[in-house]
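Participant: One structure, pasted below without further comment.
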Amino acid sequence: MITPENVLRHELIGRNVLVVHATNPAQEGISGMIVDETKSMISILTSVGLKHVPKKHTIFRVTLPDRVQVELLGSTIIGRPEKRITMRIRK
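All residue numbers for the sequence shown refer to the UniProt record's numbering, where the first residue is 1 and numbers rise by one.
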């Protein structure tokens with residue numbers, strides 16, 4: 001089960017997302033579904049098309065399956081998604 005505590009270890013593709021803060025002000029407010037993720041970029045399918053947002057210096061608000069919303073610092077999810085899923089989370 002995906003929770004706010006373990007969201008970093010789960011797949012983000014398919015989750016609804018909102019860009020809360022970005023270094024490029026034009027990217028703030030972009031919302032839609034995450035359709036792809038690379039080491040440094042998230043691709044969001046919006047109502048007007050596909051948008052690519054860099055992870056670095058960006059804050060994302062991700063909606064979990066139980067409709068709980070979690071804010072993620074892009075710097076915490078930089079890296080290949082498959083590596084992030086298997087990484088050990090420090091407490």
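The C-beta atom is built at its ideal place from N, Cα and C for all residues, glycine as well.
(1) Considering only the beta carbon of each residue, do M33 and G14 sit closer than 8 Å?
(2) Tell me whether T58 is buried or exposed, calling it buried when 16 or more other Cβ atoms sit within 10 Å of its Cβ.
(3) Between K51 and the rest of its own chain, which residues show a CB-CB distance below 6 Å, the 5 nearest in sequence each way excluded?
(4) Quick check on DSSP: helix, strand or coil for K51?
(5) Going by the CB atoms, is the gap between Q27 and V53 shorter than 8 Å?
(6) For K55, does the count of other Cβ atoms within 10 angstroms reach 16, so buried, or fall short, so exposed?
(7) Going by C-alpha distance, which of S75, V19, L8 and D66 is nearest T46?
Facilitator: According to the structure data:
(1) In the sequence shown, residue 33 corresponds to position 33, counting from 1. In the sequence shown, residue 14 corresponds to position 14, counting from 1. Yes, these two residues count as a Cβ contact at 8 Å.
(2) Locating residue 58 in the sequence shown gives position 58, where the first residue counts as 1. Classified as buried, T58 has 16 or more neighbouring CB atoms from the shown chains inside 10 Å of its CB.
(3) For the purposes of this step, residue 51 is taken as residue 51 along the sequence shown, with counting starting at 1. Same-chain partners within the cutoff: I30 and I44.
(4) Translated into positions along the sequence shown, residue 51 becomes position 51. Reduced to three states, the DSSP call for K51 is strand.
(5) Position 53 of the sequence shown, counted from the start, is the residue given in the question as residue 53. Position 27 of the sequence shown, counted from the start, is the residue given in the question as residue 27. Result yes, Cβ atoms of V53 and Q27 sit closer than 8 Å.
(6) Here residue 55 refers to the residue found at position 55 when the sequence shown is read from its first residue. So K55 counts as buried.
(7) Working through the sequence shown from its first residue, we reach residue 46 at position 46. Residue V19 is the option with its Cα nearest to T46.
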